Amino acid sequence: MTDGSTRRSVLTTGTAALAATCVGCSNYSDNGSSGSSETPASSGAASAAAGKVLAQTSEIPEGGGTIFKDQKVVVTQPAKGEFKAFSAICTHMGCTVNQVTDGTIDCPCHGSKYHIADGSVAHGPATRPLPAESITVSGNSITLG
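Per the working numbering, residue 1079 is the first one in the sequence shown, and the count goes up by one each step.
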């Protein structure tokens, strides 16, 4: 360190640069509680769309579901006339689920699958269920919130 820099100033500058680089990484960081890289899903987009008609009941297949990417929500119909909603954000690494097939909600990133009836994990690496979202079914309309 011939330029007059001290070890402390170099470490401080390096730490600041590292922190600036990681801005926005918090959604994918480990919370340190279990050694897992899973993150909580956010339902912010679904909350913002609360009160808006999301779909007609006829648009949700029985035994399947539909993903609404803009609202980050998936609506399922596990049994005729029974509608459920979950966050469309995988609890493993925060990817958006991409399909509902064979009774599961599937994530393309690492293969996690969730049961359409309750959002519980059907296949890892995810270990936490998809968080439930609030919906209202009135007549033939499904509304968030």
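The C-beta atom is built at its ideal place from N, Cα and C for all residues, glycine as well. Keep in mind the model is a prediction, meaning the values are calculated, not measured.
Would DSSP call Thr1214 helix, strand or coil?
For the purposes of this step, residue 1214 is identified with residue 136 of the sequence shown, where counting begins at 1. The answer is strand: DSSP assigns Thr1214 an E or B state.
With a 10 Å radius around its C-beta and 16 neighbouring C-beta atoms as the bar for buried, classify Glu1188 as buried or exposed.
The sequence position of residue 1188 within the sequence shown is 110, counting from 1. In the sequence as displayed, the identity of residue 1188 is His instead of Glu. The residue in question, His1188, is exposed, as its Cβ has fewer than 16 Cβ neighbours within 10 Å.
Once DSSP output is grouped into helix, strand and coil, what is the label at Ser1136?
The sequence position of residue 1136 within the sequence shown is 58, counting from 1. Ser1136 falls in the helix class under three-state DSSP.
Starting from the Cα of Asp1196, find the closest Cα among Ile1220, Thr1182, Ser1219 and Asn1176 and give me that residue.
Looking up residue 1196 in the sequence shown gives position 118. That would be Thr1182, whose Cα lies nearest to the Cα of Asp1196.
Locate the beta strand (DSSP E) running through Asp1184, then write down its first and last residues.
For the purposes of this step, residue 1184 is identified with residue 106 of the sequence shown, where counting begins at 1. Run containing Asp1184: Thr1182 to Asp1184, per the beta strand (DSSP E) assignment.
Residue from Gly1143, Ala1157 and Ala1200 whose Cα sits closest to the Cα of Thr1169:
Counting from 1 along the sequence shown, the entry for residue 1169 is found at position 91. Of the listed residues, the one whose Cα sits closest to Thr1169 is Ala1200.
In whole angstroms, what separates the C-alpha of Pro1203 from that of Lys1191?
Taking the sequence shown and counting its residues from 1, the one referred to as residue 1203 is at position 125. Taking the sequence shown and counting its residues from 1, the one referred to as residue 1191 is at position 113. Cα to Cα, Pro1203 sits roughly 9 Å from Lys1191.
Close-in-space but distant-in-sequence residues of the same chain around Asn1218 (CB under 6 Å, 5 per side omitted):
Within the sequence shown, residue 1218 is the residue found at index 140, counting from 1. These residues qualify, in order along the chain: Gln1134 and Thr1135.
Beta-carbon within less than 6 Å of Thr1154's beta-carbon, same chain only, minus the 5 sequence neighbours each way: which residues are those?
Locating residue 1154 in the sequence shown gives position 76, counting from the first residue. Cβ neighbours of Thr1154 beyond the five flanking positions: Gly1143, Lys1162 and Ile1194.
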